[in-house]
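First the structure, in the form of structure tokens, and then the observations on it.
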Amino acid sequence: MTETILRNARIVLQDEVVLGSAKIVDGRIESVDPGACSVASALDLEGDYLLPGLVEIHTDNLERHLMPRPKTRWPELPALLGHDAEVASAGITTVYDALGVGDLDAEAMRGQPLGPIIAALDEASARGLLRIDHRLHVRAELPAPNTSGLFAPLEDHPLVGLISLMDHTPGQRQWEDAEHARVYYCGKKGWSPEKFERAVRDWRELQAEYAVPQRRFFVEHAARKGIPLASHDDTVVAHVEAALAEGVVISEFPTREIAARAARDSGMSIVMGAPNVVRGGSHSGNVSALDLARSGLLDALSSDYIPASLMLACFRLVSEADFALPAAVAVVSRNPARALGLDDRGELAPGKRADLVHVHLSPPPTSAAAGTAASMHPAVRSVWSAGRRVV
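The opening residue of the sequence shown carries number 443 in my numbering; numbering runs sequentially from there.
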């Protein structure tokens, strides 16, 4: 039996914050006890916060490690281990590694075979090299002609726990304003204006040919395997209604409030980007996640492209959207876990998996210097994954 006791912590429970101690036994939380703890061997958190481990539903961070520069591929296992260390240090203990499947550009990251990546993940898991729990989020680009073929190595993989249905054709959804797409592709990817215009014409032709049959393929596959489905970048009510008819349970990054309200009325979980919260708006010119949070239209956050944004956005919800701290923490832990069918984690309660994060808030909440959200920063001090300290 292995036992760890954490004392003198502000423990964030489902409905309240208590000063007390938490006892971990064999990878599970055995008890959470308010008040002082006299066990000499207990680890003193000195009044800092103790949160449940964060549950990351969608991060492109592994892709960034695999291709740190355009067309520059990094070896799969070192890339995975670097990604694992980064997300763990951000307080994330369950991560759905988002792999884009399909791209009009065969040389792009998302147009490459997935076999080597999956082999690295299987090897790292078998050898016990990973700090936290990794699962897979398949991001299916429906208009790309190579999507179904690239997906083949993942059709029966047990770690696939989420499939999102995507269509990034400029002129609709995320790129409803095609000028934002032009800035993204010509700025980040270095495309010439001529290449972008050619790509838009190709996208529209391929969308007409491939999007509907490939959408049907992934919807039917998810139903057979019991895998949750997400609809990506819903913009209008019709997008949500179509997704609901297909069994979609998550509206991921709705681009307008009207789509988010339709998702709420349909019983879908609404997921927005944590960078949107931190920056105070969408980089694509879409709806503000903070505005949705203030309107009661936010269930979960995803770090998307910056793992550290998840913890920072959690505390921004408290200061800028009038969330109680337990409710804000649920947005990055319990809520995404439940949306994905994970009932064994996401909260600090007896019997749950011992995924915990020690967070120091600077300045601390009792300090006279504590001020606005911009002046307060949560710093991850320690992380436990299934009772094992990994940071």
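Every residue, glycine too, gets a C-beta built ideally from N, C-alpha and C. Since the model is a prediction, treat every value here as computed from it, not as a measurement.
Alpha carbon of residue i to alpha carbon of residue j, nearest angstrom
i	j	result
I471	V678	43 Å
G533	V460	20 Å
L752	A562	26 Å
A594	L487	47 Å
D785	L522	26 Å
D539	N503	8 Å
S693	C479	43 Å
P547	G788	The question names Pro, yet the displayed sequence has Asp at residue 547. C-alpha separation (whole angstroms): 38 Å.
T589	S473	47 Å
L541	A763	31 Å
D741	F695	11 Å
A812	L754	Reliability of the predicted coordinates at A812 is poor, the pLDDT of 45 falling under 50, and no value is obtained from them.
A582	G829	34 Å
L556	L592	7 Å
S463	G477	7 Å
G783	A702	21 Å
V654	S761	43 Å
I748	I712	19 Å
W826	R795	10 Å
A516	E458	Strictly speaking, residue 516 in this sequence is Trp, with Ala absent from that position. Answer to the nearest angstrom: the Cα atoms are 44 Å apart.
V771	A684	31 Å
F659	L803	47 Å
P600	I560	11 Å
A705	E688	13 Å
G738	G570	41 Å
H579	I605	6 Å
I466	T444	8 Å
R640	L648	12 Å
M818	A750	14 Å
Nonlocal neighbours in the same chain, by C-beta distance under 6 Å from residue i, ignoring five residues either side
i	result
N728	T697
D746	G715, P717
L485	L448
E505	M551
D676	V682, S693, P696, A701
A690	Note on residue identity: the sequence assigns Val, not Ala, to residue 690. Within the same chain, V690 has close Cβ partners L671, S673.
T535	G495, I574, D797, S827
DSSP three-state assignment for residue i, whether helix, strand or coil
i	result
V682	helix
L522	helix
V459	strand
S748	Looking at the sequence itself, residue 748 is Ile, so the reference to Ser does not match. If DSSP states are grouped into helix, strand and coil, I748 belongs with coil.
A561	helix
I574	coil
H802	strand
S711	strand
V760	helix
G813	Bear in mind that a pLDDT of 45 at G813, under 50, signals an unreliable position, so the model cannot answer this.
M818	coil
R830	strand
D475	strand
H599	coil
S737	coil
V690	coil
E549	coil
E528	helix
M608	strand
R780	helix
R706	helix
E488	coil
T589	helix
Proximal residues to residue i (C-beta, below 8 Å), its chain only, five neighbours per side dropped
i	result
S483	I447
G668	none
Y652	L584, P585, A586, P587, T589
F765	A735, L759, V773
D733	E699
E597	H663
Neighbourhood of residue i by C-beta distance below 7 Å, restricted to the same chain and skipping five residues each side
i	result
V723	For the sequence presented, residue 723 should be read as Gly rather than Val. S730, listed in sequence order.
S824	H800, R831, V833
W645	L546, P585, T611, P612
H507	W516, A521, G524, H525
S531	V822, V833
L767	V454, V459, V760
S708	V682, L686
Where the beta strand (DSSP E) containing residue i begins and where it ends
i	result
A540	534-543
E789	Careful: E789 lies outside any beta strand (DSSP E) and carries neither H nor E.
L493	491-494
Segment limits, alpha helix (DSSP H) that includes residue i
i	result
P635	635-667
R721	716-721
P670	No alpha helix (DSSP H) contains P670, which DSSP labels as neither H nor E.
V773	767-773
E505	503-508
N450	N450 -> not in any alpha helix (DSSP H); beta strand (DSSP E) instead, spanning 445-454.
T677	Element bounds for T677: n/a, residue is neither H nor E.
C-beta neighbour in chain D for residue i, strict 8 Å
i	result
F659	Looking at the structure shown, chain D is missing, and only one protein chain is on hand.
_For the pair the region 770-784 and the region 491-500, tell me if three or more CB-CB distances fall below 8 Å._
yes
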